[in-house]
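Notes follow once the structure below has been shown.
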Amino acid sequence: MFRYLAGHYDRKNIRRSLDRQKRTEHRTIPYRFDDSFAFRTIPEAEKFFEPLGPAVPLVEEPGRLVFTSDIQSDDERNNKFECLIADSGSKAHALVVFHHWYARSRYPAFSKFFASRGITVVEATLPFHFDRASDEFSEEKLLNADLGLTVGSLRQAVLDGRRIVRWLHAQGYSEISVVGMCIGGLIAGLIASYEHKVGKAVLMVSPDGLADMVWTGETFRRLRDRLGSSISLEELRNAWRLFDLRKNLWELSRPELNLMFVVGKDDKIVRPEVSGGGLVDDLRACNLSPQMVRLNCGHSSVGMFPYNIIAARRVLRFLKETPTLAELWEMRGFRYDFSETQMKPTRWNWLSSAALRKRLDS
């Protein structure tokens, strides 16, 4: 029954996303290829993702930081980014969270929960989202058919994330981890690859590589149509090769980095074959042991009850310790919302705690 409800929820969100794309088609960014970036080699990636300035915030106040971005885009609003902080009161562990593409809300309930477990949570803002957006179409500048613009925007996201990590390190946090959802997970993986201050990374329903996600995901049909008539999948992989975690295997396989992947078995946006599987095999071939969590849900529904609780249980165990059933039950009314709507509470009062314990332990 849960799987049926999850499938219905995912299909609704896919339809909503495709309808939005149809309504805003007149504002989409057309295909453009700039060969000045396309053939960068992987050995150049370390320099490409190297921070350009000091990790000093413009604004530092309780619960909030504002930084200037290393990269200055044409959109002035995008050149500063805000971080919201749920402070645990401890310098033992900090977690930087990267939201999904087209996010319309953050994850405050989850930030509060992790903070209550002694982990300070910093919620980053990806380029062209929230206060960094100049209009309702701005988010498309993060991922679009202008290959060079996409490279610049995603590079900006990685550099912004590294700035947050370096600031946390300067504040004396003993351990720093990153977690990301969808494209936010790809960003988190790249930050973990090149920022050695990161000790753990959790990639939730995240692609191994940008090109394959766009080529196979249901919500990327219109973008794929704009690309497909001008470029092949192999050419797109080459153009976006720096944003393929499997091409960054050397950096991602450093022994002091621990990785967890959360995959939805029915994911139609970041399909299981392009999410974690190949990368995990590569890591295991390097004698590493990344953790893989496969849930019987899709993409958006990874944030629904009970999958959000199962994922939270595994992530908390990975980051720190196993939470109690009572602590997990506190989270039953909240979910990650991958749609364009705000977070809504959900109640499942008919499910007994005994049934929940049996399901979580299965």
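If you want my numbering, it's the 1-based position in the sequence shown plus 40.
Beta carbons: idealized from backbone N, C-alpha and C, even for Gly.
Taking C-beta atoms under 8 angstroms as the contact rule, residue 273 and residue 185 fail to qualify, at a distance of about 14 angstroms.
In the displayed model, residue 200 falls within a helix according to three-state DSSP. In this structure, residue 142 lies near residue 179, with their beta-carbon atoms less than 8 angstroms apart. Counting only residues of its own chain and dropping the five nearest sequence neighbours on each side, residue 247 has a CB closer than 7 angstroms to the CB of 226, 253, 310, 314 and 315. When secondary structure is reduced to three states using DSSP, residue 284 falls in the strand class.
Shown here, residue 338 sits in coil according to DSSP, grouped into three states, outside any helix or strand.
Fully enclosed beta strand (DSSP E) runs of no fewer than 3 residues occupy 99-101, 104-108, 120-126 and 133-138 of the stretch 83-138, in order along the chain.
Here residue 210 is exposed, its C-beta having fewer than 16 other C-beta atoms within 10 Å. Between residue 127 and residue 161, the alpha-carbon positions lie close to 7 angstroms from each other. Cβ-Cβ separation between residue 285 and residue 239: approximately 17 angstroms, too far for a contact (criterion under 8 angstroms).
With a cutoff of 8 angstroms on beta-carbon distance, residue 199 and residue 83 are scored as not near each other. For residue 215, the enclosing beta strand (DSSP E) stretches over residues 215-221. It is roughly 7 angstroms from the alpha-carbon of residue 109 to the alpha-carbon of residue 196. When the beta-carbon positions are compared, residue 231 and residue 205 come within less than 8 angstroms of each other. If the five residues before and after residue 277 are omitted, its C-beta is found closer than 8 angstroms to the C-beta atoms of 249, 251, 252 and 284, all from its own chain and listed in chain order. For the options 177, 258, 263 and 243, the alpha carbon positioned closest to that of residue 187 is the one of 263.
Of the residues 107, 270 and 101, the one whose Cα lies closest to the Cα of residue 94 is 107. For the 8 angstroms CB-CB criterion, residue 360 and residue 159 form a contact. Among the bridge pairs identified by DSSP, residue 243 is matched with 220 and 301. Counted as a single uninterrupted DSSP element, the beta strand (DSSP E) harbouring residue 161 occupies residues 160-163. If you check the CB distance, residue 304 and residue 338 come in under 8 angstroms. Exclusion of the five residues before and after residue 131 leaves 212 and 213 as the residues of its chain whose Cβ lies within less than 6 angstroms of its Cβ. For residue 249, the pairing in a beta bridge is given by DSSP as 284.
Straight through space, the alpha carbons of residue 138 and residue 243 are spaced by roughly 10 angstroms. When secondary structure is reduced to three states using DSSP, residue 310 falls in the coil class, being assigned neither helix nor strand. If you draw a straight line from the Cα of residue 215 to the Cα of residue 208, it is about 9 angstroms long. DSSP lists 186 as the beta-bridge partner residues of residue 72. A distance of 8 angstroms or more separates the beta carbons of residue 306 and residue 245. Take the alpha-carbon of residue 320 and the one of residue 299: they are about 9 angstroms apart.
Per DSSP, residue 48 is one residue of the alpha helix (DSSP H) stretching across 42-63. Just measuring C-alpha positions, the residue of 217, 169 and 177 sitting nearest residue 194 is 169. Note that the C-beta distance between residue 346 and residue 42 is below 8 angstroms. Residue 71 is positioned such that its CB atom lies no closer than 8 angstroms to that of residue 341. Residue 335 and residue 121 have their alpha carbons spaced roughly 33 angstroms apart.
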